[in-house]
Amino acid sequence: MADIQTERAYQKQPTIFQNKKRVLLGGTGKKLPRYYKKIGLGFKTPKEAIEGTYIDKKCPFTGNVSIEGRILSGVVTKMKMQGTIVICRDYLHYIRKYNHFEKGHKNISVHLSPCFRDVQIAGPMEVVRKGYSPVLLLVPLN
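Just so we're aligned: 142 in our numbering is position 142 of the sequence shown, and the numbers increase by one with no gaps anywhere.
Shown next as structure tokens:
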């Protein structure tokens, strides 16, 4: 539990009331309850999200993020930022005058939840949510 509190503000899940539990548990050392949810759309909740101790308000499984909008795929290009990765999406754009397609790409910065910290992420990704704050949802395709 000590490794969770690395930020300046006290890190806690907003849906769990901690004060009552501390009084009831006494000093038994039992684990506090953890909030997690099933997001649907054919995605399974990772084991790290259920059993882990991390606190992330932008995590789609344990945080306050709803999954809506289009679901996109792309290829991971950079993993240098902390908690964020860059995904490249390639596309073809049709030019009617010349009757052919031109290649293009877009880079999207995506939040990487700590529940995927044990997963080796490199190569093509299957699912990404695009919207106000894109969130990585699934592990790589193999």
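Here a beta-carbon is modelled for each residue, glycine too, at the ideal position from N, C-alpha and C.
Residue 61 is positioned such that its CB atom lies closer than 8 Å to that of residue 39. The alpha-carbon of residue 44 is positioned some 43 Å away from that of residue 96. The closest CA to that of residue 91, considering only 106, 137, 79, is found on 106. Residue 33 counts as exposed, since fewer than 16 other C-beta atoms from the protein chains shown sit within 10 angstroms of its C-beta. For residue 50, the enclosing alpha helix (DSSP H) has its first and last residue at 47-51. A residue is called buried when at least 16 other Cβ atoms come within 10 angstroms of its Cβ; residue 137 meets this threshold and is buried.
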